[in-house]
Amino acid sequence: MFNPRLSVITIVYNNVRDIERTMLSVLNQTYTNIEYVVVDGLSNDGTFQIIEKYKDRIAKLISEKDEGIYDAMNKGLALATGDYVIFMNSGDEFYDSETVAAVFASADDADIYYGETEMIADDGTSLGQRRHKAPAKFTWRGFKYGMSISHQAIYMKRLLVEPYDRRYALSSDIDWIIRAAKKAKKIVNVNRYVAKYLVGGMSKKKHRQSLMERFDIMKRNYGLLPTVFNHFVIAFNLGWYWLKNRRTND
46 MFNPRLSVIT
56 IVYNNVRDIE
66 RTMLSVLNQT
76 YTNIEYVVVD
86 GLSNDGTFQI
96 IEKYKDRIAK
106 LISEKDEGIY
116 DAMNKGLALA
126 TGDYVIFMNS
136 GDEFYDSETV
146 AAVFASADDA
156 DIYYGETEMI
166 ADDGTSLGQR
176 RHKAPAKFTW
186 RGFKYGMSIS
196 HQAIYMKRLL
206 VEPYDRRYAL
216 SSDIDWIIRA
226 AKKAKKIVNV
236 NRYVAKYLVG
246 GMSKKKHRQS
256 LMERFDIMKR
266 NYGLLPTVFN
276 HFVIAFNLGW
286 YWLKNRRTND
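Using my numbering, read the sequence shown as starting at 46 and increasing by one per residue.
Dropping the structure here:
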């Protein structure tokens, strides 16, 4: 029976409202071969006190100042020892308690597993499926029209992944996934919802910087002219979705 060890990494800083919900979604998984890694950025709002309630169920825990989200995520990667890694950062959740078990039951020994994501509003209500629906098949070229798989919905074989490129402060996750996907031989769509994603975050608060970073990442991977053309397609798709739904659901 295929029973790989999964390192689930949670990054948090001063998010007392959401951290327990995220942690319980990890700790309540029916799949038992999980290494839980929590990286706290020296929170001072009560977050760490909540984390400590569950410290006997956390494999690795650090609480120290960092230099931003991707520095913290690199710390989490450095601590991980599992066969696979996934980030479930504060505010996000596995879709249900059976999620991890269902992912690994879908196929043996894939390099990457991925699925669909449900968007969640600040008040906990569902906003439905992401605007970028997970593709039926995924390769590294699949992000040319945008990030079609959310970060919380992608399971990577740990040996494929490298540290996040910290020159990108907001969009390094796109670059990270593309780099791993270029090395992947077997990529499996599990054909189910696997994550709940809390809308917002720094890439929304600093949208212009995030877009510039994304353009640079795509230009490096897909070439300048194709990226310019693809951004017209992205803009059209975004506008059409907004007209129909009055929200973007990114």
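Think of the CB as a built atom: it goes at the ideal place given N, C-alpha and C, for glycine as much as any other residue.
I need the DSSP call for residue i, collapsed to helix, strand or coil.
i    : result
K202 : strand
E97  : helix
M164 : strand
A181 : coil
R265 : helix
I223 : helix
S216 : coil
V57  : strand
K241 : strand
S52  : strand
Given this structure, state the Cα-to-Cα distance separating residue i from residue j, to the nearest angstrom.
i    : j    : result
E258 : V84  : 25 Å
S216 : N59  : 21 Å
G169 : Y76  : 25 Å
Q94  : K264 : 43 Å
M164 : L51  : 24 Å
N73  : T67  : 10 Å
E80  : Q254 : 34 Å
I199 : G86  : 24 Å
Y213 : G121 : 18 Å
E143 : V71  : 11 Å
A117 : D111 : 6 Å
G187 : N234 : 13 Å
Per the DSSP calculation, residue i is bridged to which residue(s)?
i    : result
G173 : M164
Item to check | At least 3 beta-carbon pairs within less than 8 Å: the region 118-132 vs the region 52-66 | outcome: Below 8 Å, enough C-beta pairs join the region 118-132 and the region 52-66 to call them touching: three or more.
Next on the checklist: Restricting to runs no shorter than 3 residues, where is the beta strand (DSSP E) found entirely within the region 60-142?
Outcome noted: Here the runs fully enclosed are 79-85, 105-108, 129-132.
Checklist entry - Would the region 203-216 and the region 134-145 be scored as touching if the rule is three or more Cβ pairs under 8 Å? => result Because the criterion of three Cβ pairs below 8 Å is not met, the region 203-216 and the region 134-145 do not touch.
Item to check | Sufficient close CB pairs (3 or more, under 8 Å) joining the region 236-243 to the region 147-165 | outcome: Touching, per the Cβ criterion.
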